[in-house]
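Working notes, beginning with the structure itself.
Protein chains: 2
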Amino acid sequence: MNLGGFKNKEVLVDLTSGSVDYRPVNEEYAKKFIGGRGLGVKYVLDNGPEVEPLSEDNILCIMTGPVTGSRSSMSGRLCVVTKSPLTGTVTDSHMGGWTAARLKWAGIDNIIFKGKSDKPVYLYIENGQAELRDASDLWGKSTRATVQAFKDKYGADDLSVMTIGQAGENKVRFAGFMNEHDRAAGRGGTGAVAGFKLLKAIVIKATQKGNMPEAKNADEYKEANKKAVKAILDGGLTAPNKGGLSVYGTNVLTNLINEVGALPTMNSQATNWDEAEKHSGEWVNEHLLVANNTCHACPVACKIEVEVKEGKYKTRVESFEFESAWALGANSGLSNSEAIAYLIDLCNEYGMDTIELGHCLSVTMEAFEKGLVDEKLDWGDADSMIEMTRKIAHREGFGGVLAEGPARATAMWGAPELSMSVKGQSIPAYDPRGIQGIGLGYATSNRGACHLRGYTVASEIAGIPEPTDRLAAEGKGELLKVFQDLLSFSDSMNICKFSSFSENAEHYAEQYSGMTGIPMTAEDVMLAGERIYNLERYYNNLAGFDKAEDDFLPKRFTEEGATGNSAGSVSRMDIMLDEYYNVRGWKDGVVPTEKLVELGIIEKADSGETVEQ
Amino acid sequence: MNLGGFKNKEVLVDLTSGSVDYRPVNEEYAKKFIGGRGLGVKYVLDNGPEVEPLSEDNILCIMTGPVTGSRSSMSGRLCVVTKSPLTGTVTDSHMGGWTAARLKWAGIDNIIFKGKSDKPVYLYIENGQAELRDASDLWGKSTRATVQAFKDKYGADDLSVMTIGQAGENKVRFAGFMNEHDRAAGRGGTGAVAGFKLLKAIVIKATQKGNMPEAKNADEYKEANKKAVKAILDGGLTAPNKGGLSVYGTNVLTNLINEVGALPTMNSQATNWDEAEKHSGEWVNEHLLVANNTCHACPVACKIEVEVKEGKYKTRVESFEFESAWALGANSGLSNSEAIAYLIDLCNEYGMDTIELGHCLSVTMEAFEKGLVDEKLDWGDADSMIEMTRKIAHREGFGGVLAEGPARATAMWGAPELSMSVKGQSIPAYDPRGIQGIGLGYATSNRGACHLRGYTVASEIAGIPEPTDRLAAEGKGELLKVFQDLLSFSDSMNICKFSSFSENAEHYAEQYSGMTGIPMTAEDVMLAGERIYNLERYYNNLAGFDKAEDDFLPKRFTEEGATGNSAGSVSRMDIMLDEYYNVRGWKDGVVPTEKLVELGIIEKADSGETVEQ
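Written out as structure tokens, the structure reads:
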């Protein structure tokens, strides 16, 4: 292995046999797919796109990238890649904190789990060595109780723990991993895959000192890093203490998105809400904020730690995020920010995706209101929401239905149209009728509805890198492709997506070149991103998503008009999807063989047959 | 239309628009696919194999055959064909009674429903005319209450009603249709398809007098019929009052199957049970029998009407069948035949498949015993079983999980190995370890696990038409093919499967020739059966069942040894499946194009492309 930034050591854990092996990182793959998300997807593809997500055949990849654990700004990200039990697509889910950096400091780049243990286990990592240990006494414990148990056992210093809660153990299809205090790899059900495998946690003991990854070209890397930090410190959204992410966290968006009429309200029956201000960043900072926290190597510190000091919603939680607050707030008709904080905390304790959980509640509320289910759940009824959240995590009673996720649950009731989801994953907090491009992003995202695959909102709302008309459909196919490709790269380098508000492809290219020693230009960055996005799409095509109908939006968005300052608008998928396929060079959502060959995803063998590389 | 036996009139109901139209029967199709099951499958294929079962796109076909309503013995069968919401395959489900005959007497061969109504409706048929009428006041009613309401409205004379209960309304994936008193088209979830479409019932008013179908060659038909009746009256299993079906009903099998060690007990954890005798035909006749009932034109009268005269299980029900008694009995650890009768009655009232319901209970019992779910349900706990049955029908609490069927429910718990099912449909009362051929039949059945696709038990247990060794694997591929093809024909002629205990292909050929006027030999019967079986397989291949892995048995049957007089035996799928594919001329479960062309299912166009005929 000749690439800087890599420790060149992967751990292979066979949970069935209990064996732990090591191998170098595949250098050819790493050059092509960068690391993190891209490399993880390649491993999952090699494992076969037809495996059952909740089966011994699925693999679970814990991935870092070439700059993880380095001094690169916002490089404290870890990526979990697997076949999703929620969507049936390949999925990758990211978490901040220090776990990623500590894994690298412990001398390990990636961990690949296969098989299924016959009793609960955790993987303990220290000094480049990994060992499976018994977790029987931790099974059934919440995420924080699990973290505390490991702190008691191994000492809190230099320790990172990523763990599943009861939701993962019970194979709730949108269970995730939690680490540090309240950082989540939330989406796509990676925690259910771990729960199925009886893998409770990964525990890492490692210090930065003497263990940071080495840059191949140290001077070039240092210079690149300095330039990137400057961009972040100068950036409108990322600059510390200037009113953006650093001050209000992601929740800076609530009032803004509500004002333009793009805040999905009560299961997207409206797109604005009078009450939304009560769970906005401004409100929370005034009433509940107690601390601003950060991740490894990040000057932005977007975390908003809140505390409800008394009353029945007494809690302290670090992740009062925009999406979480919206899913349990406007989306569910709840404006009490204290109750929202309590619900977020509960999701964190059980280890569940707040977005998907919010949709579980809102589809039930709408279905109950319309007489389609008997399960009484009223809009904004906090105490019933709390009780149902508990039932979902434990698959108790009706909770067992919702534990399948809103798309499957509504299908069970014969009312799939109530689920605001794509490929089984529910939409986040931007209504496709008020922001056209992001709707196309939901529809074509390779992991189901998601804002993080291609965050056109940056352009459509914040004017980054340049403003576009949020209500215009034309041009959004091209815009989306740029965002999707760029973020595919940053996710694979494993650098925080928020860096893209201030950094650009050139910043990434320079840091990557300096660290790995592989010359890279801004164009190379976009090409690698395109390769990774097509790799995922190829996986999904092979997994059965091979028609334009798979890239759909729920009818509500294309047929029922928006409200507020987007009044009457509907999503113009009809215009955007064709343009997007055209820009991508895809046919009805399928990557043609020539494209796969052109991007180096498969090889055209002499015989004319195609083979995977 | 030049075929005898047909009224040459089909009703096309578009539930979306509310329109009712009529068309002649497609004569070319009818010649090729006979009627009933075969013709219905062809209609469902033409509608597209990729439709969602619970969607407006699926169609629901109510089919009769060329001898329905005639004097042919056991010709009182009606067949419901659709894409199954339980299995995702094409499915056909049959019911006895008089509904089929009355439909024909009303001047109609078949009914095809498409679309989805916007309010509950029923279809009223009289004198060759059909009309959609409002069923809003019947929605929520049980099957018997619905039948009674129609009797009150239209008079009981000459009236047949086939209806769904609450289970169908709530889209329970194994809801069926009920008609007459307790006759069920139970398997595959046809009632859920109707429930989704807001179709409550089909009501037919018609008398036999002057309306029987006309035979093309009356003398030939009369002779053929006489010969068939003689075979039935002489047959060991079908002869009236000689100890077989006529005396004990299907439940004649309980003690026999238990004795050989092939009675799946407590979710197939054993294959015999000391207590099974208490729900056997012999026991029931001694303790609970009150009447023997029959269907149109049947001398066998296999129905066993039982009454529990007092106590908390007080009930009267006509269908104390072997499969039902076993599913709720040995399979669930319950030996109290009064409680079993009560549970059967409950399933009939709600309109649910007793076999699938029994598995819902038994998988929960095993999962609870093993600590995989918290829902307390103990083996043989009748009162909890009754309560859970009610919850399933109404999708209440944990019942909403089980309403998805045992295969989906156990997958939700991450324990799919607990579900004794194939393609999502649960096995009936013969353990594949004690009777090898029927296991192959479950695995390769085109509608998921089923004994009725190819009842090799006739040979392996009763020696009909000739005895084979039940524990031998060799030769079962060929044996099964014969049964599958023969029963595909009788199901398409819509004559009761039990006729095959005494009638053979020649009997069927003669009746068919006499009735329709199309010359037919015993060989033609087998070829038509093969064509229909391959037509279904072709549908399933197109619907995504295109690998040998789809034709599997649960691991319990291939890895855990049987008990009792089959002690230690495991299913030898490894031997049988290859032999079967070989006999069928299939490749890994897929019908090759040449085979489809050879059987006339598709045409080879000049261009080399294949087109459907």
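If you read the sequences in order, they're chains W and E.
Quick note, the numbering used here runs 6 ahead of the 1-based positions in the first sequence.
Quick note, the numbering used here runs 6 ahead of the 1-based positions in the second sequence.
Just so you know, even glycine gets a beta-carbon here, dropped at the ideal spot from N, CA and C.
Remember, it's a predicted structure, so these values are computed and weren't measured experimentally.
Within chain E, partners of residue i - CB distance below 8 angstroms
{"i": "residue 205(W)", "result": "What residue 205(W) touches in chain E: nothing, since even the nearest Cβ is about 13 angstroms away."}
Start and end residues, alpha helix (DSSP H) containing residue i
{"i": "residue 444(E)", "result": "442–450"}
{"i": "residue 227(E)", "result": "224–240"}
{"i": "residue 39(W)", "result": "33–39"}
{"i": "residue 293(W)", "result": "287–293"}
{"i": "residue 69(E)", "result": "Counting along the chain, residue 69(E) falls outside any alpha helix (DSSP H), though it belongs to the beta strand (DSSP E) covering 66–69."}
{"i": "residue 582(E)", "result": "579–590"}
{"i": "residue 340(W)", "result": "Segment: none, residue 340(W) is in no alpha helix (DSSP H) and carries neither H nor E."}
Whole-angstrom distance between residue j and residue i, CA atom to CA atom
{"i": "residue 258(W)", "j": "residue 293(W)", "result": "15 angstroms"}
{"i": "residue 613(W)", "j": "residue 486(W)", "result": "The predicted model places residue 613(W) with a pLDDT of 41, which falls under 50 and marks its position as unreliable; any figure quoted below should be read in that light. C-alpha separation (whole angstroms): 37 angstroms."}
{"i": "residue 100(W)", "j": "residue 275(E)", "result": "43 angstroms"}
{"i": "residue 484(W)", "j": "residue 586(W)", "result": "6 angstroms"}
{"i": "residue 505(W)", "j": "residue 358(E)", "result": "56 angstroms"}
{"i": "residue 196(E)", "j": "residue 593(W)", "result": "36 angstroms"}
{"i": "residue 174(W)", "j": "residue 181(W)", "result": "5 angstroms"}
{"i": "residue 119(W)", "j": "residue 209(W)", "result": "14 angstroms"}
{"i": "residue 232(E)", "j": "residue 532(E)", "result": "22 angstroms"}
{"i": "residue 330(E)", "j": "residue 277(W)", "result": "51 angstroms"}
{"i": "residue 9(E)", "j": "residue 537(E)", "result": "20 angstroms"}
{"i": "residue 13(W)", "j": "residue 84(W)", "result": "15 angstroms"}
{"i": "residue 510(W)", "j": "residue 595(E)", "result": "52 angstroms"}
{"i": "residue 567(E)", "j": "residue 440(E)", "result": "10 angstroms"}
{"i": "residue 170(W)", "j": "residue 432(W)", "result": "21 angstroms"}
{"i": "residue 619(E)", "j": "residue 562(W)", "result": "Note that residue 619(E) has pLDDT 48, beneath the 50 cutoff, so the model's placement of it is unreliable and no number is given."}
{"i": "residue 114(E)", "j": "residue 31(E)", "result": "10 angstroms"}
{"i": "residue 416(E)", "j": "residue 535(W)", "result": "39 angstroms"}
{"i": "residue 301(E)", "j": "residue 334(E)", "result": "25 angstroms"}
{"i": "residue 461(E)", "j": "residue 474(E)", "result": "13 angstroms"}
Close Cβ partners of residue i (< 7 angstroms) along its chain, the five nearest in sequence each way excluded
{"i": "residue 544(W)", "result": "597, 602 and 607"}
{"i": "residue 242(E)", "result": "250"}
{"i": "residue 279(W)", "result": "264, 269, 271 and 336"}
{"i": "residue 283(W)", "result": "261 and 289"}
{"i": "residue 29(W)", "result": "16 and 18"}
Proximal residues of chain W, C-beta to C-beta of residue i below 9 angstroms
{"i": "residue 419(E)", "result": "176, 177, 401 and 406"}
Residues of its chain near residue i, where Cβ-Cβ distance is below 8 angstroms and the 5 sequence neighbours each way are ignored
{"i": "residue 616(W)", "result": "Because residue 616(W) carries a pLDDT of 49, less than 50, the predicted location of this residue cannot be relied on, and no value is offered for it."}
{"i": "residue 291(E)", "result": "253, 254 and 310"}
{"i": "residue 60(E)", "result": "91, 177, 198, 199 and 202"}
{"i": "residue 296(E)", "result": "311, 312, 313 and 322"}
{"i": "residue 299(E)", "result": "187, 307, 309, 311 and 324"}
Under 9 angstroms by beta carbon: chain E residues contacting residue i
{"i": "residue 201(W)", "result": "420"}
Continuous beta strand (DSSP E) stretch holding residue i: start and end
{"i": "residue 20(W)", "result": "16–20"}
{"i": "residue 252(E)", "result": "Where residue 252(E) is concerned, there is no enclosing beta strand (DSSP E), although the alpha helix (DSSP H) it sits in stretches over 251–254."}
{"i": "residue 119(E)", "result": "116–120"}
{"i": "residue 640(W)", "result": "With chain W covering 7 to 619 only, the question about residue 640(W) has no answer from this structure."}
{"i": "residue 519(W)", "result": "Not the beta strand (DSSP E): residue 519(W) falls in the alpha helix (DSSP H), residues 511–522."}
{"i": "residue 1(E)", "result": "No answer is possible for residue 1(E): the residues shown for chain E start at 7 and end at 619."}
{"i": "residue 366(W)", "result": "Looking at the DSSP string, residue 366(W) is not in any beta strand (DSSP E); the run it does join, the alpha helix (DSSP H), is 360–375."}
Partners in chain W for residue i, counting only beta-carbon separations shorter than 7 angstroms
{"i": "residue 410(E)", "result": "418"}
Sequence-distant residues of the same chain with beta carbon closer than 6 angstroms to residue i, five excluded per side
{"i": "residue 464(E)", "result": "470"}
{"i": "residue 256(E)", "result": "327 and 328"}
Can you give me, in chain order, the residues of the segment 375–389 of chain E that have a beta carbon less than 9 angstroms from any beta carbon in chain W? 379, 380 and 381
Residues of the segment 55–71 of chain E in Cβ contact with chain W at a cutoff of 7 angstroms, in chain order, please. 60
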